[in-house]
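*Asks:*
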Amino acid sequence: MSGRPANVTVLGATGSIGTSTLDVLARHPDRYRPWALSARASTDAMAGLCVRHRPRYAVMVEPGAAEALRARLAEAAPEVEVLGGAEALVTIAAAPEVDQVMAAIVGAAGLAPTLAAAQAGKRVLLANKESLVMAGRVFMDAVADAGAELLPIDSEHNALFQCMPPGYRAGETAPGVRRLLLTASGGPFRTRALDTLAAVTPDEACAHPNWSMGRKISVDSATMMNKGLELIEACLLFAVPPERVEIVVHPESVIHSMVEYADGSVLAQLGQPDMRTPIAQGLAWPERVEAGVEPLDVVARAALHFEAPDPARFPALRLAAAAARAGGVAPAQLNAANEVAVEAFLEGRIGFTAIPAIIEAVLDAGLGGRVDRLEEVLAVDAEARALAVQLLPRHAV
32 MSGRPANVTV LGATGSIGTS TLDVLARHPD RYRPWALSAR ASTDAMAGLC
82 VRHRPRYAVM VEPGAAEALR ARLAEAAPEV EVLGGAEALV TIAAAPEVDQ
132 VMAAIVGAAG LAPTLAAAQA GKRVLLANKE SLVMAGRVFM DAVADAGAEL
182 LPIDSEHNAL FQCMPPGYRA GETAPGVRRL LLTASGGPFR TRALDTLAAV
232 TPDEACAHPN WSMGRKISVD SATMMNKGLE LIEACLLFAV PPERVEIVVH
282 PESVIHSMVE YADGSVLAQL GQPDMRTPIA QGLAWPERVE AGVEPLDVVA
332 RAALHFEAPD PARFPALRLA AAAARAGGVA PAQLNAANEV AVEAFLEGRI
382 GFTAIPAIIE AVLDAGLGGR VDRLEEVLAV DAEARALAVQ LLPRHAV
């Protein structure tokens with residue numbers, strides 16, 4: 032990598048994390064080159080990114096979208112080679128030319144290419160929490176076996192990483208750490224009357240008070256399942272049991288998480304609610320680079336507030352904690368059921384409060400299976416999804 036810019040593959044380039052990553056890369060053309068970009072089907076958005084950033088490859092998962100993009104770029108950016116299909120994601124994640132991979136595909140679709148990047152020994156910038164939740168030890172073992180560098184990009188896990196002792200590597204148990212404190216905004220319904228939650232609309236659930244995110248992630252924030260998935264992820268990234276991870280509601284989203292040490296010290300990472308900060312930290316680690324983020328005016332913020340999450344309002348937290356304690360197939364089942372339920376909610380087929388109900392029913396079914404290999408993870412995922420789909424009619428609106 033010495034003497035040339037680092038080649039970066041951005042999986043999920045048209046999403047909010049992907050576009051923020053490309054913004055940071057463009058600020059440092061001497062350090063980074065967008066080598067490959069991927070999207071599922073957003074042809075217009077991808078065409079614009081390819082014309083601006085001129086990657087070597089562009090991947091569209093939907094074959095029809097790949098054909099459309101190829102036609103769009105024939106004159107506008109003929110040097111960009113367009114590939115189609117999910118298998119091409121693995122190709123651009125594991126290619127020998129690639130130095131770093133931003134894993135920002137939402138949901139289970141990001142697992143295979145993210146795991147491939149780890150197995151190829153890349154620096155993996157992990158913004159796809161579902162990959163770690165689903166694959167657990169399979170993923171962490173791949174990182175260790177291949178000597179990959181794993182940098183968490185979710186703002187909370189990146190904050191925890193920044194508060195760890197010098198020289199810390201993801202997957203290790205840090206000496207002297209007593210507790211991890213994951214902060215949560217509380218989403219758009221933190222103070223909404225409980226008896227009105229059943230009537231929540233998709234647009235209301237996607238109106239996050241602090242962050243600009245995709246619709247699936249926004250719903251996860253509204254149910255606080257995102258924080259439940261992050262709890263599972265934190266246990267794996269930092270090698271701690273679930274009882275040493277505490278979720279704290281912090282509405283201002285200024286403190287992104289905290290690490291409590293055995294001597295009573297609590298280290299916190301603060302910053303604007305702007306994903307370019309953790310993205311830049313991961314790209315440049317252990318160095319620091321400019322990210323285009325406005326300075327944090329702590330005087331203007333005046334006051335910061337903290338509260339415990341309401342278990343009646345956020346049952347997803349209880350379900351995720353139970354899956355974390357159970358381990359094995361439970362986290363993959365939790366994630367699969369959540370993805371099915373959230374999609375159904377966004378399509379108007381079930382109500383908001385049906386999301387945790389469906390997840391709980393899938394977990395209670397006690398599905399079996401092992402998760403020692405990718406194929407086994409995918410089998411568990413498919414079985415849990417099928418059961419969740421069967422449960423949808425019981426909760427139809």
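In our numbering, the protein residues as written are 32 to 428.
Using N, Cα and C, we set each Cβ at its ideal position, and we do this for glycine too.
Is the stretch 213-231 close to the stretch 311-320, with three or more CB pairs under 8 Å?
*Replies:* Counting Cβ pairs under 8 Å, fewer than three are found: no touch.
*Asks:* In whole angstroms, what separates the C-alpha of residue 61 from that of residue 415?
*Replies:* 46 Å
*Asks:* Quick check: the Cα distance between residue 91 and residue 102, rounded to an integer number of angstroms?
*Replies:* 13 Å
*Asks:* So for residue 325, helix, strand or coil by DSSP?
*Replies:* Secondary structure at residue 325: coil, using DSSP grouped into helix, strand and coil.
*Asks:* Would you identify the three-state DSSP class for residue 287, choosing helix, strand or coil?
*Replies:* strand
*Asks:* Just how far apart, CA to CA, sit residue 299 and residue 212?
*Replies:* Approximately 9 Å between the Cα atoms of the pair.
*Asks:* From the DSSP output, read off the bridge partner residues of residue 133.
*Replies:* 41, 156
*Asks:* Using the C-alpha atoms, what's the distance from residue 326 back to residue 159?
*Replies:* 27 Å
*Asks:* Could you tell me which uninterrupted beta strand (DSSP E) segments, each at least 3 residues in length, are contained entirely in the stretch 226-264, listed from first to last along the chain?
*Replies:* Correct list: empty.
*Asks:* Expressed to the nearest angstrom, what Euclidean distance is found between the alpha-carbon atoms of residue 199 and residue 106?
*Replies:* 47 Å
*Asks:* CB-CB under 6 Å to residue 117, same chain, minus the five flanking residues each way: which ones, in chain order?
*Replies:* 92
*Asks:* Return the CA-CA distance between residue 275 and residue 209, expressed in angstroms with no decimal places.
*Replies:* 7 Å
*Asks:* Does the Cβ of residue 192 have 16 or more other Cβ atoms within 10 Å, making it buried, or fewer, making it exposed?
*Replies:* buried
*Asks:* Judging by CA-CA distance, which residue of 233, 162, 336 is the nearest neighbour of residue 402?
*Replies:* 162
*Asks:* Need the endpoints of the alpha helix (DSSP H) that residue 103 sits in, please.
*Replies:* 94-107
*Asks:* CA-CA distance, residue 410 and residue 363?
*Replies:* Distance between the alpha carbons of residue 410 and residue 363: 10 Å.
*Asks:* Using 8 Å as the threshold, is the C-beta distance between residue 322 and residue 307 below it?
*Replies:* Using a Cβ distance threshold of 8 Å, residue 322 and residue 307 count as a contacting pair.
*Asks:* So is residue 207 buried or exposed if we call it buried at 16+ other beta carbons inside 10 Å?
*Replies:* Under this definition residue 207 is an exposed residue.
*Asks:* Since residue 91 sits in a beta bridge, which residues does DSSP pair it with?
*Replies:* 70, 115
*Asks:* Can you list, in chain order, the residues of its chain with a C-beta nearer than 6 Å to that of residue 76? Leave out the 5 residues immediately preceding and following it.
*Replies:* 45
*Asks:* Can you have a look at residue 376 and say buried or exposed, based on whether 16 or more other CB atoms are within 10 angstroms of its CB?
*Replies:* With 16 or more other Cβ atoms within 10 Å, it is buried.
*Asks:* From the DSSP output, in three-state form, read off residue 122 for me.
*Replies:* helix
*Asks:* Go to residue 11, then tell me how far its beta strand (DSSP E) extends in each direction, as first and last residue.
*Replies:* Residue 11 lies beyond the range of the chain shown here (32 to 428); nothing can be said about it.
*Asks:* Hey, residue 149 and residue 174 are a contact pair by Cβ (cut 8 Å); roughly how many whole angstroms apart?
*Replies:* About 5 Å separates the two Cβ atoms, so the contact holds.
*Asks:* How would you label residue 32, buried or exposed, when you count the other beta carbons within 10 angstroms and need 16 or more for buried?
*Replies:* For residue 32, the predicted structure reports a pLDDT of 45, less than 50, and the residue's modelled location is therefore unreliable. The matter cannot be settled from this model.
*Asks:* For the putative contact between residue 279 and residue 214, defined by C-beta atoms under 8 Å, what is the C-beta separation to the nearest angstrom?
*Replies:* 5 Å
*Asks:* Could you name the residues of the same chain whose beta carbon sits closer than 6 Å to that of residue 281, not counting the 5 residues immediately before and after it, in chain order?
*Replies:* Setting aside the 5 residues that flank it on each side, residue 281 is surrounded in the same chain by 214, 337, each with a C-beta closer than 6 Å to its C-beta; the list follows chain order.
*Asks:* Can you tell which of 114, 164, 313, 352 has the C-alpha that lies nearest to the C-alpha of residue 131?
*Replies:* When only C-alpha atoms are compared, the closest one is 313.
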